[in-house]
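Every letter in the sequence shown is one number past the one before it in the UniProt record's numbering, and letter 124, counting from 1, is 124.
Ideal Cβ placement from N, Cα and C applies to all residues, glycine included.
Remember, it's a predicted structure, so these values are computed and weren't measured experimentally.
Only one structure is covered here, and it is reproduced in the block below.
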Amino acid sequence: MEQQIKDFTSSLDLDIRKTKYRFMDQKVTPDVLSFIADTVLNFSDVDNIEFTKNDIWESSYFTKNIPLIYNKPSPSNETTTHEYDKFTAQPLKTLSYAKILIETQKNGKNFYKLNTKPFLQYIALSDKNAFIFLSIYLEKVLSDSGFINRIETYIGSYNDGQFTKSNFYDLKKSFEKFIIGSTNINGETEARKIFPKVLNIFSVKNRVPGSRGGRVTESPYSYSDLMYNAINFRDLRKMKNVSRQETNQIKKSKKQYSDYEMEKAKTAIKKRHFPNSEVNDRYSHGAATQVHHIFDKVNYSELKSTLENLILITPQQHNERAHPMNKTTVIDPGYQINCLLAKSNSVESSLINKDGFYSKESFINVVKKGLGMEIKPEWSFEQIRSMLNSKLTSG
C-alpha cells in the first residue's frame, strides 16, 4: 500500500503556492488522523454519502471513543465545541488536500465524501499507517511547493556531523516565511503551530532532532512523541504540580488507547476473513468468529494490535486447539506454529494482491519476537514456512 500511495500522490499537484491551502495543522498527528479516518469509515461506509465535520464529532462512534482514548469531555458538552471543531476539521482538511476525501462547499459549509477508500482504510488501521501516509504526503507537498530542499539540508547537516542549533532555527524561520508567503496564513503564530507537525514527521523518519516547545530536541525525535497525548513519563515524574491521580489518569488513557487499537485491529481481521477460518483443519467447519492472538497479549503486549499476530478461527479451534480444554491461560505451542503457517498464507496473498493489508516485514517481526527465530527479510514465504515446519517437527 505504501507504494500505491506514492504512485497516487505522484499524479497530484500539491503545490500550496498555487492553492494557498492549509495542508497541515496542529491537530494532525498520526493517532488523531487514524482515529478520524476510522470514525469516517464507521460513519460513511458508502462512497457517495456526504458528511460534515459536525457529522463526524456528533456520530455515536466518535462520542463513544473520544472520552476513553483522549481523556476528553463528552462531545455533547457545549464548552468543547471549539476544541472538537479543530480536532475533526483539521484532519479532514489534510485528507481532502491529499484527495483521500473529496471536499466541496455549499452555503459556506465544507462537505466531504470518500474518494480513495482503500487508502482511508489503510490510514484507519493504525497510527503507524497514518505516519507512513503523512511522511509520503508531506514530502510530496513540500517537493511540489519548492521547500523540500530545506528539509533535506537540515537532515544532511545532522547525518554529516555538522549539525548545530542554528540549523534548526534557520529552518524554522524559513518555514514560517514560506507558509506566510505561500498560503492564506498571515501570522507567525499560526505558522509556528504547523512547523513542528511537519518537521517532526521527517525527524522521526530520518532519525534526526525535531521541534518541541519551539526549541530543537537534544536527540532524534521519538515516534511516541508524535502522538496527540504524548507524555514523557520521565518528565512527568519531575513535574511537581502533577498529582498522582493525574498521572494515573494519563496512564489509564494510554492503556485505553492501546485497547482501542487492539479492538480496531481485531475488527479489521474479522471483516477481512469472515466467515472462513484462516486455519484449515478438522475443526474449521462453521463460521469463524474468534480473533485469536497467536502470541498472547499479556506476555507480548507489543504485538497485541499487530494484524499479523491476529488470526480468525472458529470457536471450536479456539477452545480445543489454541487453548486446550478451553483454558485461556494454556497455549498449545504446536497449534501456535500452525497458526503462523496459516497466517503466512494470508500475508503472502495480501502481498500478491497488493492490497496493503498485511506486511511481510511485520509478520517476520511477529515470528522473531514470538519464537526467537532469526529470519532474513529477503527470505521467501516458502523458506519461512520451511523453518516453521522444522520447528513444528522438532518441538
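Item                                                                                                                          : Value
Best match in Asn-129, Cys-339, Thr-81 and Ser-182 for proximity to Phe-357 [C-alpha to C-alpha]                              : Asn-129
Distance between Gln-162 and Tyr-260 (C-alpha atoms, nearest Å)                                                               : 42 Å
Boundaries of the alpha helix (DSSP H) in which Gln-4 is found, first to last residue                                         : 2 to 10
Chain-order list of residues whose beta-carbon lies under 7 Å from that of Asp-144 (same chain, five-residue window excluded) : Asp-13, Leu-14 and Asp-15
Contact under 8 Å by Cβ, Leu-114 with Leu-125                                                                                 : no
Closest Cα partner of Thr-9 within the set Thr-29, Asn-42, His-82 and Tyr-97                                                  : Tyr-97
Extent of the continuous beta strand (DSSP E) run through Phe-178                                                             : Where Phe-178 is concerned, there is no enclosing beta strand (DSSP E), although the alpha helix (DSSP H) it sits in stretches over 165 to 182.
Asn-232 (DSSP reduced to helix, strand or coil)                                                                               : Note that Asn-232 has pLDDT 46, beneath the 50 cutoff, so the model's placement of it is unreliable and the number below is only indicative. It is coil, neither helix nor strand.
Per DSSP, cross-strand counterpart(s) of Arg-212                                                                              : Arg-215
Sufficient close CB pairs (3 or more, under 8 Å) joining the segment 82 to 91 to the segment 24 to 34                         : yes
Buried versus exposed call for Arg-17 [16 or more other C-beta atoms within 10 Å across all chains shown]                     : exposed
Endpoints, alpha helix (DSSP H) assigned at Gln-105                                                                           : No alpha helix (DSSP H) holds Gln-105; the beta strand (DSSP E) holding it covers 101 to 106.
As assigned by DSSP and simplified to three states, the class of Lys-376                                                      : coil
Closest residue to Pro-220 among Asn-299, Gln-383, Leu-312 and Phe-168 (Cα-Cα distance)                                       : Phe-168
DSSP beta-bridge partners of residue 399                                                                                      : Coverage of the chain is limited to positions 1 through 395, which leaves residue 399 absent and any answer about it impossible.
The beta strand (DSSP E) enclosing Tyr-358, as first and last residue numbers                                                 : No beta strand (DSSP E) contains Tyr-358, which DSSP labels as neither H nor E.
Inter-residue Cα distance where the pair is Lys-270 and Leu-142                                                               : 38 Å
Exposed unless 16 or more other CB atoms sit within 10 angstroms - verdict on Asn-309                                         : buried
Where Ala-287 falls, given that 16 or more other Cβ within 10 Å makes a residue buried                                        : exposed
Best match in Ser-34, Asp-281, Gln-3 and Glu-382 for proximity to Ser-344 [C-alpha to C-alpha]                                : Glu-382
Simplified DSSP state of Phe-147, which is helix, strand or coil                                                              : coil
Whether Phe-133 touches Ile-5 by CB criterion (8 Å)                                                                           : yes
Neighbourhood of Glu-139 by C-beta, 7 Å cutoff - its chain only, sequence neighbours within 5 removed                         : Ile-148
Close beta carbons around Val-208, own chain, < 6 Å, minus the five adjacent residues each side                               : Ile-155, Tyr-158 and Pro-220
Segments of 3+ residues assigned as beta strand (DSSP E) that fall wholly inside the segment 52 to 106                        : 101 to 106
Sub-8 Å separation of Gly-210 and Arg-192 beta-carbons                                                                        : no
Pairwise C-alpha distance: Ser-76 and Ser-386                                                                                 : 55 Å
Sequence-distant residues of the same chain with beta carbon closer than 6 Å to Arg-322, five excluded per side               : Note that residue 322 is Ala in the sequence shown, not Arg. Counting only Cβ-Cβ distances below 6 Å, and skipping sequence neighbours, we find His-292 and Tyr-335.
DSSP-derived helix/strand/coil call for Leu-14                                                                                : coil
Burial state of Val-298 (16 or more Cβ within 10 Å)                                                                           : exposed
Three-state secondary structure (DSSP) of Lys-113                                                                             : strand
Span of the alpha helix (DSSP H) around Thr-288                                                                               : Note on residue identity: the sequence assigns Ala, not Thr, to residue 288. Neither: Ala-288 is in no alpha helix (DSSP H) and is coded neither H nor E.
Beta carbon of Ser-182 nearer than 8 Å to that of Arg-150                                                                     : no
Counterpart residues of Ile-196 in DSSP-defined beta bridges                                                                  : The sequence shown places Pro at residue 196, not Ile. Answer is none; Pro-196 lacks a bridge partner.
Cβ-Cβ distance between Leu-226 and Val-198 below 8 Å                                                                          : no
CB contact flag (Asn-229, Tyr-70, <8 Å)                                                                                       : yes
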